[in-house]
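Undergrad:
In the UniProt record's numbering, the protein residues as written are 1 to 405.
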């Protein structure tokens, strides 16, 4: 029968378990201290005791910096090689045995804080600084170019609306809208030319030229007497086509965009002319579908032709089946390579980029005609839907729906 102590329910332990310890040497600063540390407790609980024993009373663990400020830090135990001990594991779990040498260091602590902004303007500026990491003079030029193009488009829309109101009021040939649009187009064209050829500001030139193209389209559309008809679309598309080709040949404007605009204007002008001479839209839509399919099938060769991809004049490229045997082909190819040379890598890279841009432009230009043609074929009153493929020249609703003036 076991002996019970004076306190009810308490029995004396048969044996006392002594806490496991480890003897280590700790380096801190220029001093080495021999310590006995618990081997089974987490390093996070041991490090504070180590710090209390190695730091001389009255001395700071970390001195101030150049600004007389003490940077927050976290005390860590490290091996001689520099690897820090995991704070959540014990010394025994990390292989620390008697005689091990440890280093006590204070590392910078990561302090997170939330910035408090009192003024709304400061908060907006802070948000913009985070969203747009760097604002350069080029950023300002891009914003100015977009603003100029948008303003020109708004003015063109207002002029088109004034032309519609004049027709509604009974005017047969309003002169002010086309004259104003033509003047705006001239100013924007010369402004873009000055921005590029005198100051070499491409972004601003592109914005001004985009507004000029919109203005010249409105000028051509409103310059034809009478209510809206096919010839309005023809003149607008023709003038824009000429301007786009001129910019394509003489300016640094994106060739892919100008190629797309050229093809769209060419298609709109042809549809307008054919409809104006009396061909019904139902047959025009069928022809549009056929032409669109042919162009889409030949888009790769057309894009390569527009990009002027340099091709060596080898028989394998320019003359298939010219020779009956491989020796003749090889000899002719060698002569062509020696006399005419082969295209460089830079030339091929430029041509490949241009061809890819033209391919996208052709597909983007043909797609609306293909869609409009498919819709026009199944529409009963196709003449009334003539304005669908010419949506880029669309005017506000007028009182006339005739196909020709």
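Each residue gets a CB set at the ideal place from its N, CA and C atoms; glycine is no exception.
Candidates 352, 120, 267 and 277: which alpha carbon is nearest residue 305's?
TA: Residue 352 is the option with its Cα nearest to residue 305.
Undergrad: What's the C-alpha gap between residue 200 and residue 107?
TA: Each residue's Cα considered, the two are about 53 Å apart.
Undergrad: To the nearest angstrom, how far is it from the Cα of residue 220 to the Cα of residue 240?
TA: Rounded to whole angstroms, residue 220 to residue 240 spans 8 Å at the Cα level.
Undergrad: In whole angstroms, give me the CA-to-CA distance for residue 47 and residue 85.
TA: Cα to Cα, residue 47 sits roughly 10 Å from residue 85.
Undergrad: Quick one: measure Cβ to Cβ for residue 181 and residue 233, integer angstroms, because I've assumed they're closer than 8 Å.
TA: Actually they do not touch by this definition, with Cβ atoms about 15 Å apart.
Undergrad: Within a Cβ cutoff of 6 Å, which residues of the same chain sit near residue 373, ignoring the five residues on either side of it in sequence?
TA: Hits under 6 Å: 285, 288 and 289.
Undergrad: CB residue 408 to CB residue 27, shorter than 8 Å?
TA: Missing from the structure shown is residue 408; the chain here goes from 1 to 405 and no further.
Undergrad: Here's the rule: buried if 16 or more other CB atoms are within 10 angstroms of the residue's CB, otherwise exposed. What is residue 177?
TA: With 16 or more other Cβ atoms within 10 Å, it is buried.
Undergrad: According to DSSP, is residue 240 part of a helix, a strand, or is it coil?
TA: Reduced to three states, the DSSP call for residue 240 is helix.
Undergrad: Using only alpha-carbon positions, find the residue among 265, 283, 49 and 248 that is nearest to residue 104.
TA: Selected option, being the one with the closest Cα: 49.
Undergrad: Can residue 195 and residue 205 be called in contact, C-beta distance under 8 Å?
TA: Taking 8 Å as the Cβ cut-off, residue 195 and residue 205 qualify as a contacting pair.
Undergrad: Using alpha carbons as the reference points, say which of 189, 25, 255 and 376 lies closest to residue 307.
TA: Residue 255 is the option with its Cα nearest to residue 307.
Undergrad: Might you give, ordered along the chain, the residues of its own chain that have their beta carbon closer than 7 Å to the beta carbon of residue 210, omitting 5 neighbours on each side?
TA: These residues qualify, in order along the chain: 149.
Undergrad: Is residue 158 buried or exposed, if buried means 16 or more other CB atoms sit within 10 Å of its CB?
TA: Under this definition residue 158 is an exposed residue.
Undergrad: In the structure shown, what three-state DSSP assignment does residue 228 receive?
TA: Three-state result, residue 228: coil.
Undergrad: Helix, strand or coil for residue 105, going by three-state DSSP, please let me know.
TA: Strand.
Undergrad: For residue 181, which of helix, strand or coil comes out of DSSP?
TA: Helix.
Undergrad: Do the CB positions of residue 156 and residue 215 come within less than 8 Å of each other?
TA: Cβ distance < 8 Å, so residue 156 and residue 215 count as in contact.
Undergrad: As a quick exercise: from 379, 309 and 360, pick the residue whose alpha carbon is nearest that of residue 345.
TA: When each option's Cα is compared against that of residue 345, the closest is 309.
Undergrad: From residue 53 to residue 116, what does the alpha carbon distance come to, in whole angstroms?
TA: Rounded to the nearest angstrom, the two C-alpha atoms are 41 Å apart.
Undergrad: Excluding the 5 residues flanking residue 163 on each side, which residues of the same chain have their C-beta closer than 7 Å to its C-beta?
TA: The answer, listed in chain order, is 174, 177 and 222.
Undergrad: Quick one: using the 10 Å Cβ neighbour count with 16 as the cut-off for buried, is residue 190 buried or exposed?
TA: So residue 190 ends up on the exposed side.
Undergrad: Would you list the one or two residues that DSSP bridges to residue 98?
TA: According to DSSP, which records beta bridges pairwise, residue 98 is partnered with nothing at all.
Undergrad: Go ahead and label residue 262 buried or exposed: buried means 16 or more other beta carbons lie within 10 angstroms of its beta carbon, across all protein chains shown.
TA: Classification of residue 262: buried, given that the 10 Å Cβ count is 16 or more.
Undergrad: Could you tell me the alpha carbon to alpha carbon distance between residue 118 and residue 130, rounded to whole angstroms?
TA: Roughly 17 Å separates the two Cα atoms.
Undergrad: Which residue from 283, 55 and 225 puts its Cα closest to that of residue 30?
TA: The shortest C-alpha separation from residue 30 is found at 55.
Undergrad: Starting from residue 31, follow the beta strand (DSSP E) in both directions and report where the run begins and ends.
TA: Its beta strand (DSSP E) spans residues 31–38.
Undergrad: Once the 5 residues before and after residue 32 are set aside, which same chain residues still bring their CB inside 6 Å of it?
TA: Hits under 6 Å: 25.
Undergrad: Taking residue 21 as part of the beta strand (DSSP E), name the residues at either end of that continuous run.
TA: First-last of the beta strand (DSSP E) with residue 21: 21–28.
Undergrad: Whole angstroms are fine: how far does the CA of residue 125 sit from the CA of residue 23?
TA: The alpha-carbon atoms of residue 23 and residue 125 are separated by roughly 58 Å.
Undergrad: Reducing DSSP to helix, strand and coil, say where residue 78 ends up.
TA: If DSSP states are grouped into helix, strand and coil, residue 78 belongs with the strands.
Undergrad: Return the residue from the list 39, 122 and 139 that minimises the CA-CA distance to residue 94.
TA: Selected option, being the one with the closest Cα: 39.
Undergrad: Assign residue 96 to buried or exposed, taking buried as 16 or more other Cβ atoms, counted over all protein chains shown, within 10 Å of its Cβ.
TA: By the neighbour-count rule (16 or more Cβ atoms within 10 Å), residue 96 is buried.
Undergrad: How should residue 81 be labelled, buried or exposed, when 16 other C-beta atoms within 10 angstroms of its C-beta is the threshold for buried?
TA: So residue 81 counts as exposed.
Undergrad: Any idea what DSSP makes of residue 169, helix, strand or coil?
TA: Residue state, collapsed to three classes: coil.
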